[in-house]
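Enquirer:
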Amino acid sequence: MMQPDPTVPLLIEKEKKRQESTLTLIASENFVSAQVAAATGSLLTNKYAEGLPGKRYYGGCHIIDEIESLAIERAKSLFKVAWANVQPHSGSQANAALMMAVLKPGDKILGFNLAHGGHLTHGSPVNFSGRLYQASFYGVNPDTGYIDWESVAKKAKKERPAIIICGASAYSRDWDYIQLRAIADEVAAFLWADISHPAGLISQGLLNDPFPYCHFVTTTTHKTLRGPRGGLLLMGQDFDNPFGKTNRNGLLHKMSALLDAAVFPGTQGGPLEHSIAAKAVAFYEAMTHSFKCYARQVQKNAHVMAQAFLDEGYSILSGGTDNHLLLLDLYKQNITGKQAETVLEQADIITNRNLVPFDKNTPQVTSGIRLGTAAVTTRGLKEKDMLLIVEWIDYLLKNKDKDSQIKKVKQMVNAYMCRFPLTTVDGSVTE
Ligand SMILES: Cc1ncc(COP(=O)(O)O)c(C=O)c1O
105 MMQPDPTVPL LIEKEKKRQE STLTLIASEN FVSAQVAAAT GSLLTNKYAE
155 GLPGKRYYGG CHIIDEIESL AIERAKSLFK VAWANVQPHS GSQANAALMM
205 AVLKPGDKIL GFNLAHGGHL THGSPVNFSG RLYQASFYGV NPDTGYIDWE
255 SVAKKAKKER PAIIICGASA YSRDWDYIQL RAIADEVAAF LWADISHPAG
305 LISQGLLNDP FPYCHFVTTT THKTLRGPRG GLLLMGQDFD NPFGKTNRNG
355 LLHKMSALLD AAVFPGTQGG PLEHSIAAKA VAFYEAMTHS FKCYARQVQK
405 NAHVMAQAFL DEGYSILSGG TDNHLLLLDL YKQNITGKQA ETVLEQADII
455 TNRNLVPFDK NTPQVTSGIR LGTAAVTTRG LKEKDMLLIV EWIDYLLKNK
505 DKDSQIKKVK QMVNAYMCRF PLTTVDGSVT E
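Following this line, the structure appears as structure tokens:
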């Protein structure tokens, strides 16, 4: 008889202890519910199901079809949209499929500068998107830290891209989809929103709604949406013309077929049905009142955290946040992002270093750190806890070379986080 692997379960247990005892401020992470975790770890991983519900290339798919159809219907209800494909294995896969469906190699794309908070898949030269397509970028205004829509319009008129990408990994402000659509219309470009970060907040109406204005929307399912690691492709009700008129069902049908084909067989093989089941659970959870309270608390916590840093004299990009994250610029403090990330991790406060716009340091070193509240809010932390976190971070940055001080904070962090055990996280946040 085969002996069970003795090593991986031990490592999973170790990782669970790490997650439990540390303070996760990584803006792209979250803690899934027990039901999402169970579906992700389920025997659905055994099944091959190339194709779509009702149109598979394998037998034995009738239950898988029910699961995937449920995930699709729930995604559509949650975001109030006309069409969804739940198969992308990740956010990057969703983006690759979308670009394959809409663009030809060599086409021009216009995205948000990676060094200002954009994502690799929006045209970076080290990514397929920058290799296959001709990318140009818009950025933030150096004085305000906000994206300046007029400069986006100028850039779009100069470059005349086939698609304009909005969405970011490290931008704390909301997006003006109405302006962006007007710009896209003027240069006859498609408009695509990658809402990977704020999807959970958008689903609750807490940020501007991209769907009436963007031709396409992609997202990850594992950030503020609090589902399993994965991606999602969506199209709104008013696909071809949000301002009314014209034959939208015909176009919607045509585009959805192109997008489906770009996912499979275009960029993927068999879908991860265990992840798709977990997405279905996450969409269900995101339609509950408790998730609405959670998403509101995420936003409140980020706001309180940003204000507390400002009160301590720190500089935050754009001076605050509308969503779940903020970008601290530590240049004034004469401390690099790398040093900050290291000292915070020594005290079990987990963050990531991040370039700030017009950064004088390299991407490996950086001048900033990115902080997000999605994960700690799931653990149950509220406004007063944000003040304590800011106090700890401030203290650590000011005492970054003092081992005994760092150790003291680490003990406090570990004791504090034990009060919010992972095993009892059911995803509910009360008002
Ligand atoms: C805006 C944006 N798009 C796409 C992705 C890619 O997601 P994944 O890591 O699932 O490929 C990310 C992930 O950080 C992101 O922030």
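Numbering (this note's numbering) for the sequence shown: 105 to 535. Each residue gets a CB set at the ideal place from its N, CA and C atoms; glycine is no exception. Note that this is a predicted model, so its numbers are computed, not measured.
Using the beta-carbon count (16 or more within 10 Å), is I168 buried or exposed?
Expert: buried
Enquirer: Am I right that H223 and D298 are in contact with their C-beta atoms under 8 Å? What's the rounded C-beta distance?
Expert: 7 Å
Enquirer: Alpha carbons only, please: which of M106, D289, Q401 and S419 is nearest the one belonging to Q437?
Expert: S419
Enquirer: Could you say if the segment 242–249 and the segment 178–197 meet the contact criterion of at least three C-beta pairs nearer than 8 Å?
Expert: no
Enquirer: Taking the continuous beta strand (DSSP E) assigned at Y242, which residues delimit it?
Expert: Q238 to Y242
Enquirer: Give a single yes or no on whether S419 has its beta carbon closer than 7 Å to a heavy atom of ligand 1.
Expert: no
Enquirer: If I follow the unbroken alpha helix (DSSP H) through V385, where does it start and stop?
Expert: E377 to A390
Enquirer: Does the segment 438–445 come within contact of the segment 255–268, defined as at least 3 CB pairs closer than 8 Å?
Expert: no
Enquirer: Would L501 pass as a contact of A399 if the rule is Cβ separation under 8 Å?
Expert: no
Enquirer: Counting along the chain, where does the beta strand (DSSP E) carrying R457 start and finish?
Expert: Segment N456 to N458, the beta strand (DSSP E) holding R457.
Enquirer: So, under 8 Å CB-CB, T126 and I454 are touching, yes? Tell me the CB distance rounded to an integer number of Å.
Expert: 5 Å
Enquirer: Classify T350: buried if its beta carbon has 16 or more other beta carbons within 10 angstroms, exposed otherwise.
Expert: The predicted model places T350 with a pLDDT of 42, which falls under 50 and marks its position as unreliable, so this point remains unresolved.
Enquirer: Does S419 come out as helix, strand or coil in the three-state DSSP assignment?
Expert: strand
Enquirer: Looking at the unbroken alpha helix (DSSP H) that takes in K120, where does it start and where does it end?
Expert: From DSSP, the alpha helix (DSSP H) with K120 extends over T111 to S125.
Enquirer: Could you check the C-alpha separation between G210 and M106 for me, to the nearest Å?
Expert: Cα to Cα, the separation comes out at about 52 Å.
Enquirer: Could you check where the alpha helix (DSSP H) with R483 kicks off and where it finishes?
Expert: A478 to R483
Enquirer: What are the start and end residues of the beta strand (DSSP E) that includes N189?
Expert: W187 to N189
Enquirer: Under the assumption that S255 contacts Y242 (Cβ atoms under 8 Å), give the Cβ distance between them as a whole number of angstroms.
Expert: With a Cβ gap of about 6 Å, S255 and Y242 count as contacting.
Enquirer: Can you name the start and end residues of the alpha helix (DSSP H) that W253 belongs to?
Expert: W253 to E263
Enquirer: Is it buried or exposed for N150, if we count other Cβ within 10 angstroms and need 16 for buried?
Expert: exposed
Enquirer: Among G484, N312 and M339, which has the Cα closest to the Cα of T322?
Expert: Here the closest residue by C-alpha is M339.
Enquirer: Reducing DSSP to helix, strand and coil, say where F135 ends up.
Expert: coil
Enquirer: Where does the unbroken beta strand (DSSP E) through D289 begin, and where does it stop?
Expert: Per DSSP, D289 belongs to no beta strand (DSSP E); it is in the alpha helix (DSSP H), Y281 to E290.
Enquirer: DSSP three-state label for A366, please.
Expert: helix
Enquirer: Between the segment 159–174 and the segment 400–410, do three or more beta carbon pairs fall short of 8 Å?
Expert: no
Enquirer: In chain order, what residues of the same chain lie with their CB nearer than 8 Å to the CB of Y281, ignoring the 5 residues before and after it?
Expert: Correct list, in chain order: C270, L295, A297, N312, D313, P314, P316, Y317 and C318.
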